Amino acid sequence: MGKIGVIDVGGGLRGIYAAGVFDWCMDNGVQFDYGIGISAGSANLASYLSGQRGRNYLFYEEYSMRKEYMGAGNMLHGGSFLNLQYIYGTLSNRECENPLDFERMTANPMEWYMIATDATTGKPKYFTRGDMRQDDYRVLMASCCIPVACKPIEIGGVPYYDGALGDTIPLQKAFADGCDKVVLILTKPVGTIRADGTDRKLARVIHRKYPHAAEQLALRAQHYNEGIALAQKLAAEGKVLIIAPDDTCGVKTLTRDQKALKKLYSKGMKDAERIRDFL
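Per full-length UniProt numbering, the very first residue in the sequence shown carries number 1; after that it's consecutive.
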């Protein structure tokens with residue numbers, strides 16, 4: 001069968017779609033040899049590696065409704081709308097409400113990368129599980145650190161933003177690392193053309209302090225659209241399987257709508273059945 005990879009590009013709370021895909025994989029014993037997570041995709045893969053079926057669903061569908069998870073009040077206390085410390089610390093550490101099974105995650109033999117973007121250079125950083133320690137999940141925080149909604153996450157003295165700035169759809173890395181086939185999980189319909197208006201507005205906010213990250217943010221839509229075009233070409237060659245919803249059910253990056261989130265999760269579970277034939 002060769003080396004089979006999976007890429008989860010994230011997408012904020014739309015990541016519940018990918019959570020459905022991974023829960024289906026766990027239900028059906030699907031094991032990948034290689035994985036890359038970007039933004040929320042890194043968190044999805046962490047729970048997949050640890051074998052904690054349904055864990056990510058709770059973060060999206062239940063915990064995101066809490067004021068501690070995200071809200072204007074967090075800006076006053078921590079400087080970030082999205083409280084990554086609450087998500088990947090208060091909820092995820094040992095003896096907390098829903099701890100990540102760190103030992104099982106690190107024991108999983110799958111080759112795994114989490115992408116964050118160096119805010120000072122705008123370059124991608126490919127973290128591995130070796131960069132994490134029990135109850136220190138700053139790598140996951142960094143990968144999910146949406147500019148403006150969050151302050152950069154510092155690791156080793158370096159500030160990091162969301163991985164989507166540095167390497168939006170990392171198919172080239174996956175194949176360079178030896179993958180023969182890749183399952184690419186998107187959280188928008190595959191035909192969606194990403195507009196650059198919002199990205200450019202956010203880029204202007206961070207440009208003064210982090211000009212290189214701002215440049216990458218302004219180009220994010222272009223890089224995403226180019227990545228989708230490459231994915232479609234490789235899909236036609238049988239090298240990539242694109243798993244994407246036909247509709248987002250009204251869920252945007254930070255949409256709090258439990259009914260819509262449940263629908264999107266169900267779509268992920270259903271669409272994941274296509275993986276069986278691809279493998």
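Glycine residues also receive a C-beta, built at the ideal position from the N, C-alpha and C atoms. Please read all numbers here as calculations on a predicted model, not as lab measurements.
Val240 sits close to Val183, with the two beta carbons spaced by under 9 Å. Under DSSP, Trp112 forms a beta bridge with Gly35. Annotation for Leu264: Arg14, Ile16, Tyr17, Pro245, Thr248, Cys249, Val251 place their beta carbon closer than 7 Å to its own, counting only its chain and skipping 5 residues before and after. Per the coordinates, the alpha-carbon of Gly41 lies some 4 Å from the alpha-carbon of Gly10. About 5 Å separates the beta carbon of Asp8 from that of Asn44, a gap short enough to meet the 8 Å contact definition. If only uninterrupted beta strand (DSSP E) runs of at least 3 residues are considered, those enclosed by the stretch 215-250 are 240-243.
Taking the C-beta atoms as reference points, Thr128 is found no nearer than 9 Å to Gly166.
Ranked by Cα distance from Lys125, the options Pro109, Arg133, Pro170 are led by Pro170.
Assignment of Lys201 by DSSP, reduced to helix, strand and coil, places it in the helix class. The three-state secondary structure of Ile153, taken from DSSP, is strand. Beta-carbon to beta-carbon, Val21 and Gly268 are separated by about 5 Å, close enough to satisfy the 8 Å threshold. DSSP places Met141 in the helix class (H, G or I) of the three-state scheme. Annotation: the continuous beta strand (DSSP E) that includes Gly5 extends over 4-8. When C-beta atoms of the stretch 175-192 are compared with those of the stretch 69-85, fewer than three pairs fall below 8 Å, so the two segments do not count as touching.
In this chain, the beta strand (DSSP E) harbouring Asp162 covers 158-162. Cβ neighbours of Ser47 within its own chain (closer than 6 Å, five residues either side excluded): Arg55, Asn56. When the alpha-carbon of Asn93 is set against those of Ile228, Gly191, Arg138, Thr121, the nearest one is in Arg138. Restricting attention to Cys145, Met132, Thr192, the CA atom closest to the CA of Gly227 is found in Thr192. With a cutoff of 9 Å on beta-carbon distance, Gly122 and Ala214 are scored as near each other. Judged by DSSP secondary structure, Lys181 falls within the beta strand (DSSP E) whose first and last residues are 181-185. For Pro124, the three-state secondary structure derived from DSSP is strand.
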